[in-house]
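Visitor:
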Amino acid sequence: MPRARESSTRTASLHKVEHSETRGRTLRVVRDGRLGMATSTATGDDARLVEMAAEACAWGPEASFQFPEGAFEETRHLVHLPDDHLPGLEEMEAWCARCAERMRAFDSTLTYEIHGGGGEVEVEVANTTGLRRACSSKEWGMSIVVTEATAGDIFMWYASASDPFADLDGVDAWMARFLEDFSLNRTVVEPVSGKIPCIISPNTLRPILAGLLSGTSAVSIHEGLSPLKDRMGEKVLSDVVSMRDDPTFGLSSRSVPHDHEGVSTRVTPILEKGVFRGFVNNLKYAEKTGTEPTGNGFRVGGMGGGTQLDAAPSVTLTNLVFDGGETPLEELVASVDDGLWIEFAPDAFQGNVSNGDFTGGIRVGQRIRKGKRVGRVKNLSISGNIYELMAQGKVEASRECAYPTAGGKTLWTPHFLFKEANVS
Amino acid sequence: MRERIEAVIRKQAVRCDYLDVRVEEEELQSVRMRDGEVDGIKRSRSVGGSVRACHKGGWGFGSFNSLDELEAYAARIVDAARAVGDGKTTLAAVEPVDTVLRARFVDDPRGHSMDEKVDLLRAYSQVALGSRPEIKKCFAFYFDSFRVKTFASSEGSYIVQERPDVAIAISPTALGDGLTQSVPVSAGSTNDFGVVLNLDEGILEKCRLSAELLKAPKVGGGIFPVVIDPHLGGVFVHEAFGHTSEADGQVDNPRMVEIFTLGKRFGSDSLTIYDTGLDEGLRGHVPYDDEGVPGRRTVLIREGILEGRLHTRETAGKLGEEATGNGRAMDYASAPICRMRNTCIAPGEARFEDMIADVEEGVYAIGSGGGCGGETFTFSANYGYMIRKGKLAEMVRDVKLQGNLFETLKNIDVVGADFQIHDGPGGCGKMGQFPLPVSHGSPHLRIRNCTVGGEAR
Numbered sequence: 434m435p436r437a438r439e440s441s442t443r444t445a446s447l448h449k450v451e452h453s454e455t456r457g458r459t460l461r462v463v464r465d466g467r468l469g470m471a472t473s474t475a476t477g478d479d480a481r482l483v484e485m486a487a488e489a490c491a492w493g494p495e496a497s498f499q500f501p502e503g504a505f506e507e508t509r510h511l512v513h514l515p516d517d518h519l520p521g522l523e524e525m526e527a528w529c530a531r532c533a534e535r536m537r538a539f540d541s542t543l544t545y546e547i548h549g550g551g552g553e554v555e556v557e558v559a560n561t562t563g564l565r566r567a568c569s570s571k572e573w574g575m576s577i578v579v580t581e582a583t584a585g586d587i588f589m590w591y592a593s594a595s596d597p598f599a600d601l602d603g604v605d606a607w608m609a610r611f612l613e614d615f616s617l618n619r620t621v622v623e624p625v626s627g628k629i630p631c632i633i634s635p636n637t638l639r640p641i642l643a644g645l646l647s648g649t650s651a652v653s654i655h656e657g658l659s660p661l662k663d664r665m666g667e668k669v670l671s672d673v674v675s676m677r678d679d680p681t682f683g684l685s686s687r688s689v690p691h692d693h694e695g696v697s698t699r700v701t702p703i704l705e706k707g708v709f710r711g712f713v714n715n716l717k718y719a720e721k722t723g724t725e726p727t728g729n730g731f732r733v734g735g736m737g738g739g740t741q742l743d744a745a746p747s748v749t750l751t752n753l754v755f756d757g758g759e760t761p762l763e764e765l766v767a768s769v770d771d772g773l774w775i776e777f778a779p780d781a782f783q784g785n786v787s788n789g790d791f792t793g794g795i796r797v798g799q800r801i802r803k804g805k806r807v808g809r810v811k812n813l814s815i816s817g818n819i820y821e822l823m824a825q826g827k828v829e830a831s832r833e834c835a836y837p838t839a840g841g842k843t844l845w846t847p848h849f850l851f852k853e854a855n856v857s
Numbered sequence: 005m006r007e008r009i010e011a012v013i014r015k016q017a018v019r020c021d022y023l024d025v026r027v028e029e030e031e032l033q034s035v036r037m038r039d040g041e042v043d044g045i046k047r048s049r050s051v052g053g054s055v056r057a058c059h060k061g062g063w064g065f066g067s068f069n070s071l072d073e074l075e076a077y078a079a080r081i082v083d084a085a086r087a088v089g090d091g092k093t094t095l096a097a098v099e100p101v102d103t104v105l106r107a108r109f110v111d112d113p114r115g116h117s118m119d120e121k122v123d124l125l126r127a128y129s130q131v132a133l134g135s136r137p138e139i140k141k142c143f144a145f146y147f148d149s150f151r152v153k154t155f156a157s158s159e160g161s162y163i164v165q166e167r168p169d170v171a172i173a174i175s176p177t178a179l180g181d182g183l184t185q186s187v188p189v190s191a192g193s194t195n196d197f198g199v200v201l202n203l204d205e206g207i208l209e210k211c212r213l214s215a216e217l218l219k220a221p222k223v224g225g226g227i228f229p230v231v232i233d234p235h236l237g238g239v240f241v242h243e244a245f246g247h248t249s250e251a252d253g254q255v256d257n258p259r260m261v262e263i264f265t266l267g268k269r270f271g272s273d274s275l276t277i278y279d280t281g282l283d284e285g286l287r288g289h290v291p292y293d294d295e296g297v298p299g300r301r302t303v304l305i306r307e308g309i310l311e312g313r314l315h316t317r318e319t320a321g322k323l324g325e326e327a328t329g330n331g332r333a334m335d336y337a338s339a340p341i342c343r344m345r346n347t348c349i350a351p352g353e354a355r356f357e358d359m360i361a362d363v364e365e366g367v368y369a370i371g372s373g374g375g376c377g378g379e380t381f382t383f384s385a386n387y388g389y390m391i392r393k394g395k396l397a398e399m400v401r402d403v404k405l406q407g408n409l410f411e412t413l414k415n416i417d418v419v420g421a422d423f424q425i426h427d428g429p430g431g432c433g434k435m436g437q438f439p440l441p442v443s444h445g446s447p448h449l450r451i452r453n454c455t456v457g458g459e460a461r
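Here the protein sequences line up with chains A and B, keeping their order. Residue 434 is where the first sequence starts when you use our numbering, and the numbers rise one by one after that. Residue 5 is where the second sequence starts when you use our numbering, and the numbers rise one by one after that.
This is the structure in structure tokens:
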């Protein structure tokens, strides 16, 4: 039962309040060894739901896996927010208003939009073995986007916060960081292109990882589409690359005790010092790949991969956690004579993902000259192959790790330095 | 239901400037197939509604799927709008409409059995897998749905629309030498199951192309004259220009309004761009949007000159322009925002042969592998060919185009006569609402000085 509340401030006036509530049931039925699925958000519709699912079995895939066994277990109010506190509308209004105040004081000619929103998702899983598990999680976020448009330059800068602010001083500190970064980007400098060193921020890493995540998924391994098929235990990337799926890490909406199939979640090492160690699965692909279920069958969909009731449980990471490297971020930047800091390239998941290729426009990038970020560059894109860029000797990782500043807390990563990224 | 909705509106409308109620019911079925075997099958039923209110410029919106809660939600949402409104409600005027729009089918997908749909996907998969030794995998997907949408407003509109949908995608995948290549086939419609039939020939052609791509070299990066095919042209106009034409990105930003001043030149005389909700049968067909505004054809650029933009009622009201019927919501749980429908570049007069005839060295980019727009855009083509001395030459892979929107519009120097519309599954994503059904169309286009991504040569 996802709930959400949202307030929006647009150019200094509170503009919109939204509240949505969706309840529904999804039923998977095995009949004559075949699997059918049906979903309904209609109330009092159980008979129709059963009928639809049972009918679907006639054409469904062979149900080659068993539903997990268990008994009743309930986990309520998982602490995904400090003090388990989901901010109310009045608090969010006050924070939005404070942000607007700070924006006006900074530059009253700028146009900006601020959103605050939170939600609670309750998931209950039951099956015919007697298993019944339930948990609820809460998530909150606030985001700001500023648009500075001039002839020939439409610059958008954005950030989000995932933890509620303790007080208005917390809002001020967040806005101070935001405006400091924004200021750095107001100066446009000459671009640089070619095979150049690039610092990849957590925001940028998320899309360009698509190829690596595809390659380390049970689906592509089983289908034979992964460049890493048959390479378990081999060193496939640089020893600075260690990553795991970790439902116990941090406070994200995926830090949950069980998945949407009722399977307990667990930590799954994927790469250890560049060595391919494992992959996550759901019940179906655990059976197909002959591995233990890892508890990664989640019903997700839409933009951002949130919980989607009518989606089948697909193989989905919980929290992707990278280890940090040995070099402080400041030193990584200082080591770049002429290159880029790529802060946002949100569409850099395009290309032949199966092969690990990616390409995308650099929405916000800064030129680094002689170890310092000197200003924003425009009209550039980055492309390459994630396996080649993260190969031994071609990548370094910062000691410090961070969440992306936009898009939630399911990724924890260092900044990476790609020594020869292709920028054009 | 009508009496109940109208009673709620009567009761709450006196407390706000504007109120609307939407209620939707939908049934959907889908089949996923891998290598000729059913991978997943789903049937779903969705029922829900939403209330939206505006008071003194402040908006409240709430959605629910227990219709018993309609009255309670309406009161809460009006309270919310009253709490945040402290300015002026400015909505472009529309005539109230009382109508029921039934679906007009060429061939109703509901008249075809699930057996037939599963057999169809299986047959297509077998065509692909049996076509060539390089085709090792085939993913196939089909869905159809039927939605009944009800819209009622405090201005007296009561609109019931039936909205069917059907779409298919077949993705044959060639494997070899550590590479995978896939050129998909897709189709979609709002009134004709027939669009998913008779795709064998197209699948065989895409299998051939996928296999040949395994041997094709990567395109070399650089700046070239580029000819893009109608499919990629449609994606370009949607992603790069269409989204910037959505007025919600301009309305409260005087500098953006200045950049997009109507009457400014944005391209050559041969460039005309429009968005329309009137094309029956296309997935971008929107007879009435989710604010009750009738669909219309809106010219965005006419012969190179900016002529219009895409509006919700609020953005149109604020800019003193007419509502265009672009206030669309993904479903009952989403508020209407400014969205495209069927967005097209109008055909010109050039023949394809003439477009490439004077190109010394260039790239012909075909099909869409995805793209994102804005002022700086990036698009991937499915595949391409080099153009050398006025003729198509070797096939190339990993063709990515990028550029600055405003410069690229001005660099479109030749527009073909061979206009085509593309429809398929999926849709447009914006502000968390994905996938909204849209269509796009274009003829072949030639772009001078287009940056082709890839390793510098």
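Just so it is clear, CB atoms sit at the ideal spot from N, CA and C, and this is done for glycine as well. Only a predicted model underlies this, so the values are computations on that prediction, with no experimental measurement involved.
Considering only residues of the same chain and omitting the five flanking positions on each side of A643 of chain A, which have a CB-CB separation below 7 Å?
Guide: For the purposes of this step, residue 643 of chain A is taken as the residue at position 210 of the first sequence. Contacts found: F782, V786 and F791.
Visitor: In terms of DSSP beta bridges, what is E572 of chain A paired with?
Guide: Here the question's residue 572 of chain A lines up with position 139 in the first sequence. In DSSP, E572 of chain A forms a bridge with A:G552.
Visitor: At the 9 Å Cβ level, is T177 of chain B part of the contact set with chain A, yes or no?
Guide: If you number the second sequence from 1, residue 177 of chain B lands on position 173. Output row for T177 of chain B: interface = yes.
Visitor: Is there at least one Cβ from chain A nearer than 9 Å to T455 of chain B's Cβ?
Guide: Numbered from its first residue, the second sequence carries residue 455 of chain B at position 451. With 9 Å as the cut-off, T455 of chain B counts as an interface residue toward chain A.
Visitor: Could you tell me if S497 of chain A is buried or exposed, where buried requires 16 or more neighbouring beta carbons within 10 angstroms of its beta carbon?
Guide: Taking the first residue of the first sequence as 1, we reach residue 497 of chain A at position 64. Result: exposed.
Visitor: Can you list, in chain order, the residues of its chain whose CB lies under 6 Å from that of F145 of chain B, leaving out five sequence neighbours each side?
Guide: Here residue 145 of chain B is taken as the residue at index 141 of the second sequence, counted from 1. Once the five neighbours on either side are set aside, the close Cβ partners of F145 of chain B are R36 and A173.
Visitor: Can you list the residues of chain B that P494 of chain A reaches, using a CB-CB cut of under 7 Å?
Guide: Stepping through the first sequence from its first residue, residue 494 of chain A is reached at position 61. E41, V42, D43 and G44, listed in chain order.
Visitor: Would you call A744 of chain A buried or exposed, if buried means 16 or more other Cβ atoms sit within 10 Å of its Cβ?
Guide: In the first sequence, the residue the question calls residue 744 of chain A occupies position 311. Buried is the call here.
Visitor: Check the Cβ-Cβ distances between K803 of chain A and every residue of chain B, and say whether any is below 9 Å.
Guide: Position 370 of the first sequence holds residue 803 of chain A. So no, K803 of chain A is outside the interface.
Visitor: Check whether the Cβ atoms of S67 of chain B and G89 of chain B lie closer than 9 Å to each other.
Guide: On the second sequence, position 63 is the one that residue 67 of chain B refers to. On the second sequence, position 85 is the one that residue 89 of chain B refers to. No, the pair does not count as a contact, with Cβ atoms beyond the cut-off.
Visitor: According to a CB-to-CB cut-off of less than 9 Å, which residues of the region 579–601 of chain A neighbour chain B?
Guide: Of all residues in the region 579–601 of chain A, T580, E581, A582, T583, A584, G585, D586, I587, F588 and M589 have a Cβ within less than 9 Å of some Cβ in chain B.
Visitor: Taking 9 Å as the CB-CB limit, is M470 of chain A close to chain B?
Guide: Residue 470 of chain A sits at position 37 when you count from the first residue of the first sequence. At least one chain B Cβ lies under 9 Å of M470 of chain A.
Visitor: What are the residues of the region 247–262 of chain B that lie near chain A, defined by any Cβ-Cβ distance shorter than 7 Å?
Guide: Here the close residues are D256, N257, R259 and M260.
Visitor: Less than 7 Å between C-beta atoms, sequence neighbours within five positions excluded: which residues of the same chain meet that for L753 of chain A?
Guide: Start at 1 with the first residue of the first sequence, and residue 753 of chain A comes out as number 320. M676, D678, T843 and L844, listed in sequence order.
Visitor: Taking 9 Å as the CB-CB cut-off, is T382 of chain B touching chain A?
Guide: Here residue 382 of chain B corresponds to residue number 378 of the second sequence, with the count starting at 1. Output row for T382 of chain B: interface = yes.
Visitor: Mark P330 of chain B as exposed unless 16 or more other C-beta atoms lie within 10 angstroms of its C-beta, in which case mark it buried.
Guide: Locating residue 330 of chain B in the second sequence gives position 326, where the first residue counts as 1. Here residue 330 of chain B turns out to be Asn, not Pro, going by the sequence shown. Buried, because 16 or more other Cβ atoms sit within 10 Å of the Cβ of N330 of chain B.
Visitor: If you compare alpha carbons, which of B:R313, B:E364, B:Q33 and B:V12 is closest to P168 of chain B?
Guide: Within the second sequence, numbered from 1, the residue matching residue 168 of chain B stands at position 164. Closest by alpha carbon: B:Q33.
Visitor: Thinking C-beta only, is F777 of chain A closer than 9 Å to G758 of chain A?
Guide: One-based indexing of the first sequence puts residue 758 of chain A at position 325. One-based indexing of the first sequence puts residue 777 of chain A at position 344. Taking 9 Å as the Cβ cut-off, G758 of chain A and F777 of chain A do not qualify as a contacting pair.
Visitor: Looking only at its own chain, which residues have a Cβ that is under 6 Å from the Cβ of V418 of chain B, when we skip the five neighbours before and after it?
Guide: Taking the first residue of the second sequence as position 1, residue 418 of chain B is located at position 414. Answer for V418 of chain B: A354, M359 and R450, listed in chain order.
Visitor: Taking C-beta to C-beta, are I232 of chain B and F240 of chain B nearer than 9 Å?
Guide: In the second sequence, residue 232 of chain B corresponds to position 228, counting from 1. In the second sequence, residue 240 of chain B corresponds to position 236, counting from 1. Closer than 9 Å, so yes.
Visitor: Alpha helix (DSSP H) containing K721 of chain A: first to last residue?
Guide: Position 288 of the first sequence, counting from 1, holds the residue named residue 721 of chain A. Its alpha helix (DSSP H) spans residues L716 to T722.
Visitor: Residue range of the beta strand (DSSP E) that V754 of chain A falls in?
Guide: Here the question's residue 754 of chain A lines up with position 321 in the first sequence. Per DSSP, V754 of chain A belongs to the beta strand (DSSP E) from L753 to F755.
Visitor: Going along chain B, which residues have a C-beta under 8 Å from G794 of chain A?
Guide: Here residue 794 of chain A refers to the residue found at position 361 when the first sequence is read from its first residue. Result: C376, G378, T380, F381, T382 and Q406.
Visitor: DSSP state of P176 of chain B, grouped into three classes?
Guide: The count along the second sequence starts at 1 and reaches residue 176 of chain B at position 172. Strand at P176 of chain B.
Visitor: Specify the secondary structure class of F147 of chain B as computed by DSSP and reduced to three states.
Guide: Your numbering for residue 147 of chain B matches position 143 in the second sequence. Three-state result, F147 of chain B: strand.
Visitor: When the distance is taken between beta carbons, is E488 of chain A closer than 9 Å to R306 of chain B?
Guide: As a first step, residue 306 of chain B must be located in the second sequence, where it is residue number 302. As a first step, residue 488 of chain A must be located in the first sequence, where it is residue number 55. Not closer than 9 Å, so no.
Visitor: Could you pull out every residue in the same chain whose Cβ sits closer than 6 Å to the Cβ of E853 of chain A, ignoring the five residues on either side in sequence?
Guide: Stepping through the first sequence from its first residue, residue 853 of chain A is reached at position 420. Only K628 meet the Cβ criterion.
Visitor: Taking DSSP's pairing of strands, which residues face W845 of chain A in a bridge?
Guide: Counting from 1 along the first sequence, the entry for residue 845 of chain A is found at position 412. Partner(s): A:V754.
Visitor: To the nearest angstrom, how far is it from the Cα of S747 of chain A to the Cα of V828 of chain A?
Guide: Translated into positions along the first sequence, residue 747 of chain A becomes position 314. Translated into positions along the first sequence, residue 828 of chain A becomes position 395. Distance between the alpha carbons of S747 of chain A and V828 of chain A: 31 Å.
Visitor: By DSSP's criteria, D279 of chain B is part of a beta bridge. Which residues make up the other side?
Guide: For the purposes of this step, residue 279 of chain B is taken as residue 275 along the second sequence, with counting starting at 1. D279 of chain B is bridged to B:T302 and B:T347.
Visitor: Cα separation between T382 of chain B and G711 of chain A?
Guide: Here residue 382 of chain B is taken as the residue at index 378 of the second sequence, counted from 1. Here residue 711 of chain A is taken as the residue at index 278 of the first sequence, counted from 1. Going by the C-alpha atoms only, they are around 33 Å apart.
Visitor: Determine the direct distance from the alpha carbon of V303 of chain B to that of T265 of chain B, and round the result to whole angstroms.
Guide: By 1-based counting over the second sequence, the position of residue 265 of chain B is 261. By 1-based counting over the second sequence, the position of residue 303 of chain B is 299. Looking at the two C-alpha atoms, the distance is approximately 14 Å.
Visitor: Within 9 Å (strictly less), CB to CB, does Y118 of chain B reach chain A?
Guide: Stepping through the second sequence from its first residue, residue 118 of chain B is reached at position 114. This sequence places Met at residue 118 of chain B; Tyr is not what is there. Answer yes: the Cβ-Cβ gap between M118 of chain B and chain A drops below 9 Å somewhere.
Visitor: Report buried or exposed for A11 of chain B, applying the criterion of at least 16 other Cβ atoms within 10 angstroms of its Cβ.
Guide: In the second sequence, the residue the question calls residue 11 of chain B occupies position 7. Classification for A11 of chain B: exposed.
Visitor: Kindly list, in the order they appear in chain B, the residues whose Cβ is closer than 7 Å to that of L646 of chain A.
Guide: As a first step, residue 646 of chain A is located in the first sequence; it is residue number 213 there, counting from the start. Within 7 Å Cβ-Cβ: nothing; L646 of chain A doesn't reach chain B, min ~16 Å.
Visitor: Ignoring anything shorter than 4 residues, give me the alpha helix (DSSP H) runs that lie fully in the region 631–719 of chain A, in order along the chain.
Guide: Listed in chain order, they are 635–641, 643–648 and 651–656.
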